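A.B. asks: Sharing a structure, written as structure tokens. Questions coming.
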Amino acid sequence: MSIVSLISNASLVVQIVMGLLLLLSMLSWWHIFAKWFGLRHAKQKTDSFESAFWSGADLNTLHQQVSRDMAGVGMERIFEAGFNEFLKLRRQPGMDMSALMEGTRRAMKASFQREVDRLDAHTAFLASVGSVSPYIGLFGTVWGIMNAFRGLANVGQATLAHVAPGIAEALVATAIGLFAAIPAVVAYNRFSHDVDRLANRFESFMEEFSNILQRQAAK
86 MSIVSLISNA SLVVQIVMGL LLLLSMLSWW HIFAKWFGLR HAKQKTDSFE SAFWSGADLN
146 TLHQQVSRDM AGVGMERIFE AGFNEFLKLR RQPGMDMSAL MEGTRRAMKA SFQREVDRLD
206 AHTAFLASVG SVSPYIGLFG TVWGIMNAFR GLANVGQATL AHVAPGIAEA LVATAIGLFA
266 AIPAVVAYNR FSHDVDRLAN RFESFMEEFS NILQRQAAK
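Now the structure itself:
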């Protein structure tokens, strides 16, 4: 009664359920590794940009560097969007301070939403795998147990030896469902926490950068 024999001897429906769960597990692991590297890159770029920004570098020089960086993410893109809008509105005649800053904040807010959406991409898939996989596995288990008990109808005397293989095959589906669900749930919670922390840093930067631009516009 090895795992391989239990899977190979299971009914067609249970095998389909197991195959679906294994596919979901592989897809979730692919998204887990891709998201882990993506968030790690975003945090490194955010730390590097914050160090450069608060080092007292000239904003125009920093803007040129960010514009040339094709791999820029997160805070860099928010800074670029806000500073581009600030320079464009400042060149327009008759632009008052409130309209200038409101336009700049809207540009940064739109960029902020795009960056958070990009960082949060595919986390909903992990949440779905974590919530649905146990139920898919349970369906396979119930179906397998039904087949096991139906098979007893053709047996004159029911013993544990007749029931155990069918039930064991069915329970493998639940085990595979949990194998797919647990990493997906853990990864979803971790990535959601990381995205929230980055989003809070982006919002704080937007407020501080708005204050800097407002003082610069008042000169």
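The numbering of the sequence shown is our numbering, which starts it at 86 and goes up by one.
Each residue gets a CB set at the ideal place from its N, CA and C atoms; glycine is no exception.
In this text the structure is predicted, and so the values were computed from the model without any measurement.
1. Could you spell out the range, first to last residue, of the alpha helix (DSSP H) harbouring arginine 176?
2. What do you get for valine 257, buried or exposed, if any count of 16 or more other CB atoms within 10 angstroms of its CB means buried?
3. Please report how far the alpha carbon of alanine 156 lies from the alpha carbon of leucine 223, in whole angstroms.
4. Near leucine 99, what residues of its chain come up, given a Cβ to Cβ distance below 7 Å and the 5 sequence neighbours on each side ignored?
5. Would you check if the stretch 280-293 and the stretch 198-210 touch, i.e. whether three or more CB-CB distances between them fall below 8 Å?
6. With contact counted as at least three CB pairs below 8 Å, one residue from each stretch, are the stretch 179-190 and the stretch 140-159 in contact?
7. If we call anything under 8 Å between Cβ atoms a contact, is alanine 265 one with leucine 106?
8. So the candidates are Gln299, Phe138, Val214; which of them puts its Cα closest to the Cα of isoleucine 267?
9. By alpha-carbon positions, which one of Ala269, Met111, Phe164, Ala127 ends up nearest to alanine 192?
10. According to DSSP, simplified to helix, strand and coil, what is methionine 155?
11. Please list, in chain order, all residues of the same chain as histidine 148 whose beta carbon is under 7 Å from its beta carbon, the five residues on each side excluded.
12. Do methionine 160 and threonine 131 count as a contact pair if the criterion is CB distance below 8 Å?
C.D. replies: Considering the structure as presented:
1. Unbroken run through arginine 176: none, as it is neither H nor E.
2. buried
3. 44 Å
4. The residue you asked about is not leucine; residue 99 is valine in the sequence shown. Gly225, Trp228, Gly229, Glu254, Ala255, Ala258, listed in sequence order.
5. yes
6. no
7. yes
8. Val214
9. Phe164
10. coil
11. Glu165, Phe168
12. yes
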